[in-house]
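Remarks on the structure that follows.
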DNA sequence: GTTGACCCTGCCCCAGGGGCAGGGTTCGAG
DNA sequence: CTCGAACCCTGCCCCTGGGGCAGGGTCAAC
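Protein chains in written order, with our numbering: chain A, 1 to 250; chain B, 1 to 250.
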């Protein structure tokens, strides 16, 4: 038998209540379990009979849930006085604004995701790679560079930052750019190719000339130089040979 | 012993990789478990050695995760061809826009939360309640009305919509407004108060006059009339007495 | 050769519910 | 008056996206 109307106060079934607030029945029961919504005394058949005050409370709960407030915190807020409640609303709103801002940024990244390296390297490195493409370095070598910079940034972000500034300056020098293009071409050469010693020598001279002008810079971190050397050498036997020649000359 | 550099390819530890992508180590392992990120073959001490390709993939994953894409879907996307991928990005972006819009709406509701009934009743009912306050109905009675409308809207939204239109029209009639204010005053009267029969009679006449002019409207749903009657009667014995008098007169 | 920072696996825990089983209730139509 | 649909009840396990902790092996530097 329904006692919904007997007391003149309890009038809604859980389903009607849930529909009113735009919430599932399950959610209502969870809010009871978590102590967010007072559970009305059962009617004679074990149903929960709700009144308008439950509907009001439930709407408040739903709004806070949608704002991303954890249930435990919602409970605190509803139990606290109105001044605390209002203060908390300010913070909640700030969080919402922050989330909106994050969504904006995420949207930009999503848009960039379908092309480009910019997401994987710093802005400086991205500029450097772009410059390489401008001077017609092969895509293969550009990608090799990109991967190297990713590793450098992962292993030693500060060193990488210093190096990339150095590289950007170097690549602005037309002589270095020519040298770089010759390396690019040498990628597929045999390690016995007779042109390699000359290339090594030109490299040595370029560095000697530059280091004469500028300060020597930070002492190269051994792990990192090895990293760069190995990464390069593993891809091209000719490049590995040049590295050897450079070592002998030193 | 570290073999990180032995092959010239595997160079990052899981911690370096995670830091690079701005992700926890645990998350990286979860992505392995879920098949999102290929797990590199272990080095001789059981560590996972990562390369630049893992870093790239991980950044993509993180961006998609931040966009709210479920891991299972991310897996599909990364496995699918680029045309499918690009198409999916469009949908993801649409979802992000939708979420931003929802945040905007939630912010408005949060702002309204600290005061007002507008969140709990329809705009029409809110207007009606405001009108009651304008003609100086007691706050107690206004809240009683509000709760009643909440119940009505929960139990039978369509009926409630029809009724509120009716009520809005009625309250615009100064005679009905006067009648309403008298009811408001009668709330605390004794059920034996000698003024009650006259009030009941005025009510009957007002309704009779109106129903003569307009069409009788939808036949009142019995559940609902009972609901309204009981809700009112339970609060005020005098009102309950008026309801009895009305029944006798009919 | 020890110390602190990493890495490994495995296990349980969290929010915020969803889904399903297995059973009782209510309500309107026939 | 009965029957079926639509509700309601409890209880249990499941999901995502990890977090935390235990218990143990490794690396690198002094």
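Just so you know, even glycine gets a beta-carbon here, dropped at the ideal spot from N, CA and C.
For residue i, tell me which candidate among the options has the shortest Cα-Cα distance.
i: residue 192(B); options: 169(B), 176(B), 241(B), 235(B); result: 241(B)
i: residue 30(A); options: 64(A), 88(A), 71(A); result: 71(A)
i: residue 87(B); options: 174(A), 114(A), 128(A); result: 114(A)
i: residue 147(A); options: 14(B), 44(B), 46(B), 57(B); result: 57(B)
i: residue 20(B); options: 34(B), 45(B), 47(B), 52(B); result: 52(B)
i: residue 207(A); options: 39(A), 175(A), 196(A), 185(A); result: 175(A)
i: residue 134(A); options: 97(A), 172(A), 162(A), 157(A); result: 172(A)
i: residue 106(B); options: 60(A), 79(A), 38(A); result: 60(A)
i: residue 139(A); options: 185(A), 32(A), 78(A); result: 185(A)
i: residue 161(A); options: 39(A), 128(A), 132(A), 183(A); result: 128(A)
Given residue i, which residues of its chain have a CB within under 6 Å of its CB, disregarding the five upstream and five downstream residues?
i: residue 244(B); result: none
i: residue 187(A); result: 236
i: residue 12(A); result: 50
i: residue 189(A); result: 238
i: residue 75(A); result: 35, 36
i: residue 210(B); result: none
i: residue 132(B); result: 142
i: residue 39(A); result: 32
i: residue 78(B); result: none
Looking at the C-beta of residue i, does it have a partner C-beta in chain A at a distance below 8 Å?
i: residue 92(B); result: yes
i: residue 218(B); result: In this prediction, residue 218(B) has a pLDDT of 48, which is less than 50 and means its spatial position is unreliable; nothing more can be read from the coordinates.
i: residue 60(B); result: yes
i: residue 153(B); result: yes
i: residue 130(B); result: no
i: residue 164(B); result: no
i: residue 161(B); result: no
i: residue 141(B); result: no
i: residue 158(B); result: no
i: residue 99(B); result: yes
i: residue 208(B); result: no
i: residue 147(B); result: yes
i: residue 16(B); result: yes
i: residue 106(B); result: yes
i: residue 246(B); result: no
i: residue 150(B); result: yes
i: residue 249(B); result: no
Counting only C-beta atoms, is residue i closer than 8 Å to chain B at any point?
i: residue 12(A); result: yes
i: residue 122(A); result: no
i: residue 133(A); result: no
i: residue 114(A); result: yes
i: residue 110(A); result: yes
i: residue 183(A); result: no
i: residue 103(A); result: yes
i: residue 20(A); result: yes
i: residue 66(A); result: yes
i: residue 86(A); result: yes
i: residue 63(A); result: yes
i: residue 119(A); result: yes
i: residue 56(A); result: yes
Please go through the same chain and pick out, in chain order, the residues whose beta-carbon is closer than 7 Å to the beta-carbon of residue i, but skip the five residues on each side of it.
i: residue 90(A); result: none
i: residue 101(A); result: none
i: residue 150(B); result: 120, 121
i: residue 17(B); result: 28, 50, 54, 55, 58
i: residue 92(A); result: 67, 69
i: residue 312(A); result: This structure does not reach residue 312(A), given that chain A is present from 1 up to 250, and the question cannot be answered.
i: residue 144(B); result: 235
Once the 5 residues before and after residue i are set aside, which same chain residues still bring their CB inside 8 Å of it?
i: residue 200(A); result: 242, 245, 246, 249
i: residue 14(A); result: 25, 28, 29, 47, 48, 50
i: residue 177(B); result: 135, 171
i: residue 195(A); result: 186, 189
i: residue 154(B); result: none
Check whether the Cβ atoms of residue i and residue j lie closer than 8 Å to each other.
i: residue 181(A); j: residue 142(A); result: no
i: residue 163(A); j: residue 179(A); result: no
i: residue 103(A); j: residue 96(B); result: yes
i: residue 62(A); j: residue 22(A); result: yes
Worksheet item: For the 8 Å Cβ check, are there 3 or more pairs between the stretch 106 to 115 of chain B and the stretch 104 to 120 of chain A?
Response: no
Item to complete: Would you be able to state if there are at least three C-beta pairs under 8 Å between the stretch 64 to 82 of chain A and the stretch 79 to 91 of chain B?
Response: no
Item to complete: Indicate whether the contact test is met: 3 or more Cβ pairs, each with one atom in the stretch 164 to 174 of chain B and one in the stretch 121 to 131 of chain B, closer than 8 Å.
Response: yes
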